[in-house]
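Chains as they are written, first to last, in the working numbering: chain A, 1 to 421; chain B, 422 to 842. Quick reminder that beta carbons are idealized off the backbone N, C-alpha and C, glycines included. Right, one structure below, let's go through it.
Number of protein chains: 2
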Amino acid sequence: MRRGRGATVVCVALLVQKFGGTSVADPDRMRTVAEHVARCRKRGDDVALVVSAMGKETDDLLHMASKITSEPDGREMDMLITAGERKAISLMCMALHQQGVEAHSYTGSQAGFLTDANHQNAKILEINPYRIKESLAQGIVPVIAGAQGVSTEKNVTFLGRGGSDTTAVALAHALDADLCELFTDVSGVFSADPRIVPRAGKMETITFDELLEMTATGCPKPAMRSVEVAHNHRVPLHVRSAFTWEPGTLVVERYENEEESAMEQPIIRAVTSDVSESKLTVVGVPDQPGVSGTLFRSLADAGVNVDMIVQNVAADGTTDISFTLPTEDLVKAQETLNNGVLSAISGTLVAPESSVGKVSVVGAGMKSNPGVAATMFETLADNNINIDMISTSAIRISCVIDADKVDEAVQHVHTAFGLDR
Amino acid sequence: MRRGRGATVVCVALLVQKFGGTSVADPDRMRTVAEHVARCRKRGDDVALVVSAMGKETDDLLHMASKITSEPDGREMDMLITAGERKAISLMCMALHQQGVEAHSYTGSQAGFLTDANHQNAKILEINPYRIKESLAQGIVPVIAGAQGVSTEKNVTFLGRGGSDTTAVALAHALDADLCELFTDVSGVFSADPRIVPRAGKMETITFDELLEMTATGCPKPAMRSVEVAHNHRVPLHVRSAFTWEPGTLVVERYENEEESAMEQPIIRAVTSDVSESKLTVVGVPDQPGVSGTLFRSLADAGVNVDMIVQNVAADGTTDISFTLPTEDLVKAQETLNNGVLSAISGTLVAPESSVGKVSVVGAGMKSNPGVAATMFETLADNNINIDMISTSAIRISCVIDADKVDEAVQHVHTAFGLDR
C-alpha cells in the first residue's frame, strides 16, 4: 500500500478530500473550495473530491417528500435524496473549470460503489473505482457524490446521514490514497465539545481506537460508520476545517510523544457526551433463556441500533431489561415491541425516558487502573449528578445520567481528569 | 523507531524473547531454550532474554510464606518472590555459556525497571535500560528477570502474575526492538480456547485492539497488562510456542488480507470466556448521587479491579448495583464493603455469586450492525442458557451466564458466527 506516515506531509501525494454540506453551501463556498483544490493541483498532488449535498438540501428534499406521503417507498426516497449530491458535484466541477482545473463528476454508481439494498441506510459491499482511477491517471480531478451507491438489485442507494465521510474513507482505502482529508465546519477533534467546555483543547493526534470509542459515544464528527471503516482498514485521516484551513487532527496508530503514552499509567484523552438517545425499560420479564434474543432480534430486524444494554435480575425472579437507542428510532422500537414481542416475553414496557444523556471518558490503560472509574463516579456525585446506567470497555467508561445535567457533567469530568487547557 | 513491518522477518534484528515458567521448568528445558538462542545469535540477530521463575517456583515460595504468616509484609514478600527469577536468570546464563553464547544476568533493578511501590502488583513507571544496551552493544546476551523492578522507595518490587510478559513488552518498547516474542506453552492466539472448542483455529494475525478486548475478557495469554502496554505503544508482538517452535500469532495494526476485512460488514474474530470472576450485588440503595463513587472508590483503594458494572433503578426508587470482580479479590471486597461502606450508602450486600461465567465475542464492525448482538443472545437462548448481565463496546459483546454453561456457550457461539474450522 502506497502510504505516507500520517504525521509527515508527502510532497506529491494522492489525496481524497471530502467537503461537507456547509463547506459547499453556496456558490461562494464552492469557489473557495475550488481555489483550494487548484492550489493542491499546482503543488503536484492528485486530488479526488467527495462532496455532500449543499447546505440543508437533504433536509429540504425530505421535507418535500413528507408533504406528499408519510410512507414513501425506499427506492424512490433514495432516488430523491441522491439528487442533492448530483447537483453539488456538477456545480463543483463548474467551479473547478473556472479555476482552470479539469474535473469530471461521478455519481456513487459511476464511481463503483456497490451496496446492499437497505434503502436510506445502505452499507458498502465493495468498490470498483476504475473510472476514478482512469480520471486520476488523465490528470482530471474526479468529483464524487457522497453517500451514494448502487445496490445488488441495481437501484440507487443512499448511505445515510454522514455517509459522505464513509464514501471518502472507503474510497481512500480503495484507491490506496496517501491521506483522506475530511473538511468540515470544526477545526479538528477536541478533548470535549468546545461549545460545552470552552477550555477543551484541539488534539493534534488521536488514535484510531480512541476515535472509534469517541464517535461511538457522541463525538459527532467524523461520522461513526466512516470511523469504523478507517479503524478497520487503517486509512490515514486528517479531520480539519474548510473555513479556517488550519491543520486539524491527524488520526494515528499510536502516540509518538512519550509524554502522551506513559508506560503503565492511565491517560484520559477526551470526554464525550450524547443527548440524542432515549431509554426503554421492559419490566417483569421471567428470568429465563430467550428473552434477550427475542427482544433484540426483533429490534435488529427493525433496523434499531441499540446502544447500551443493562439487565439485572430482581429478588422476585423477574428481570428488568433497560437499553438506550437513538431517539429517532424510539417510535419504531415501541411499535416493534408492542407488535407481539412483549406478549411473547411476558414483559411490560414502562414509559420511555426520552431525556437521558450519556457522558463518557475515553483513553488508555483503564482496565488495570480501577481508580479511573472511581474518579469519574465521584466527580459526578460531588456535583450532585445521579448515575442511571454504567458501561465500560477496555478504553472507555460511560454513564447514563439526566440529559439536563450532561453539559455540567462533561465540564466537571473534563476538569477532574486534568484536560482543561 | 527501528521497527520491522510485523509480518516480515527482518534479516538481522533486535529481538526481545520472553520464556515463561513452563518453558524453563527444568535444566533440560533451559538447555533447549539456550540452543534456540544460540541459533538466533548464529543467524546474526541480537537477543535480549526475559525469563520467568521456573515451573511452579512462585507458587512454592508463596506457599512457604503462608506457613510462616498469614499477613506477610509486602516488601518482604516481593524480596522472596523475586528470588525465583533470580535463580532462573543465573541458571539460564549458565546454559547459554554451555552453548558458547556470552550472557549476563540482570535483575529488574539492574535492568532499569523503576516501578511504583505497590508491592506484588507494582506498575512500571519508566525504564532506563542502559546496562542492557551496553550488554547488547558488546555482543553479550542480557538475561533479564521477569516481573521485577525497584520502587521509587528503592525497594524490590514484583509486578504480579504474568508480569514477565509486561517486562518483555515494556523492554522491547524501551529498546526499540524489532520484535517481541512471547514464548509460551500454547502455539498462538486461537479463535476460542482449543480445550473448549476443538475446532477453534489458530489466528495467523490479530489486531492490537482485538487482542486487548480478548485478554480483557478472558483470553489468558498474553497477560492483560502486557497487552495494554503493547497496544498503547504498538510494540510488534509474536505469541508462539516454546515447545513446538512453529510460527505463532503476529499482532498487527490491521489485516492485510481483504477477506479478513470486508468494507462495512461485521467480522467476528474470536469467542472468549472467563470463569475466574464472582458477582456481588448491593441492593436497596437509595437512588441518589454518590453511591457509585463511594462504592467503587473504596474498592479501587483496596486494589480490587472491578470488571463489569450493572446499575438499574427499581420501581420503588431504590437501586441495585451488581458488579463482577476476580474471585481472588472477593473476600477483600466483601471486607471493604462491610467495613463502613455499606452503611454509608444504606445498602445491603446479597450473597455473592461465585459461580458466574462470562462469554464474549470480539470483532470489528459491531456498532453499526445490530444483528451481531441479537445472534449472540439467540444462540444462548436456543441452547437454554440464561443471560444475567450484558456489556458491549464498539468491538465486543459480553454476557454473564452460569459458570457451568460457559464451555457449552462458547462452543455454540463459535459455531453460530462461522468460526469452526
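Per DSSP, M389 of chain A is one residue of the beta strand (DSSP E) stretching across M389 to S393. Residues of the stretch 379–404 of chain A whose Cβ lies closer than 7 Å to any Cβ of chain B, in chain order: L380, A381, N384, I385, N386, I387, D388, M389, I390, S391, T392, S393, A394 and R396. Where V413 of chain A is concerned, the enclosing alpha helix (DSSP H) starts and stops at V406 to A416. Within the model, the alpha-carbon separation for S814 of chain B versus K788 of chain B is close to 8 Å. Against chain A, the CB of G622 of chain B has no partner CB under 8 Å away; the residue lies outside that interface. Between A543 of chain B and T578 of chain B, the C-beta spacing is below 8 Å. Neighbours of Q438 of chain B in chain A, taken as residues at a C-beta separation under 7 Å, are lacking, since the least C-beta distance is about 20 Å.
Taking a C-beta distance under 8 Å as the contact criterion, V239 of chain A and G188 of chain A qualify as a contact pair. In this structure, L114 of chain A keeps its C-beta atom at 8 Å or more from the C-beta atom of G84 of chain A.
Listed by position along chain A, the residues whose Cβ is nearer than 7 Å to that of A524 of chain B form an empty set, because the closest Cβ is around 26 Å away. D586 of chain B: member of the alpha helix (DSSP H) spanning G584 to L596, first to last residue. Interface annotation, G792 of chain B: in contact with chain A, CB-CB separation under 8 Å. At a cut-off of 8 Å, the C-beta of N726 of chain B has a neighbouring C-beta in chain A. The beta-carbon of P289 of chain A is placed less than 8 Å from the nearest beta-carbon of chain B. In the same chain as L171 of chain A, and ignoring 5 residues on each side of it, the C-beta atoms closer than 6 Å to its own belong to V16, in chain order. When secondary structure is reduced to three states using DSSP, G112 of chain A falls in the coil class, being assigned neither helix nor strand. Residues of the stretch 105–133 of chain A whose Cβ lies closer than 8 Å to any Cβ of chain B, in chain order: K123, I124, L125, E126 and I127.
Pairwise C-beta distances place the stretch 439–447 of chain B in contact with the stretch 467–481 of chain B, as three or more of them are shorter than 8 Å.
In this structure, A:Q334 is the residue among A:P370, A:I345, A:Q334 and A:S346 with its C-alpha nearest to the C-alpha of E353 of chain A. CA-to-CA, the gap between Q288 of chain A and T638 of chain B works out to about 24 Å. With the criterion set as a beta carbon lying under 8 Å from some beta carbon of chain A, the members of the stretch 641–655 of chain B are M645, R646, E649, V650, H652, N653, H654 and R655, in sequence order. Within chain A, the residues whose beta carbon sits less than 8 Å from that of E634 of chain B are S393 and A394, listed in sequence order.
Of the candidates B:M810, B:M797 and B:T702, B:M810 places its Cα closest to the Cα of S322 of chain A. Residue A:T205 holds the alpha-carbon nearest to the alpha-carbon of P247 of chain A among A:T205, A:A270, A:E264 and A:L211. Within chain A, not a single residue places a beta-carbon under 9 Å from that of G639 of chain B; the smallest gap is close to 13 Å. In this structure R421 of chain A is exposed. Its beta-carbon is surrounded by fewer than 16 other beta-carbon atoms within 10 angstroms. At a cut-off of 8 Å between beta carbons, Q138 of chain A makes no contact with chain B. The three-state reading of DSSP puts P747 of chain B in strand, counting E and B together. Assignment of beta-bridge partners to R817 of chain B by DSSP yields B:V783 and B:S814. With a cut-off of 8 Å on Cβ pairs, the stretch 298–312 of chain A is in contact with the stretch 336–343 of chain A, counting three or more such pairs.
At the C-beta level, G495 of chain B and Q541 of chain B come within 8 Å of one another. In this structure, B:T693 is the residue among B:G778, B:W666, B:T693 and B:H518 with its C-alpha nearest to the C-alpha of A621 of chain B. Interface criterion not met: the Cβ of L171 of chain A is under 8 Å from no Cβ in chain B. Residues of chain B with a Cβ closer than 9 Å to the Cβ of G162 of chain A do not exist, since the nearest Cβ in that chain sits about 11 Å away. For T249 of chain A, the beta-bridge partners assigned by DSSP are A:V239. The three-state secondary structure of T628 of chain B, taken from DSSP, is strand.
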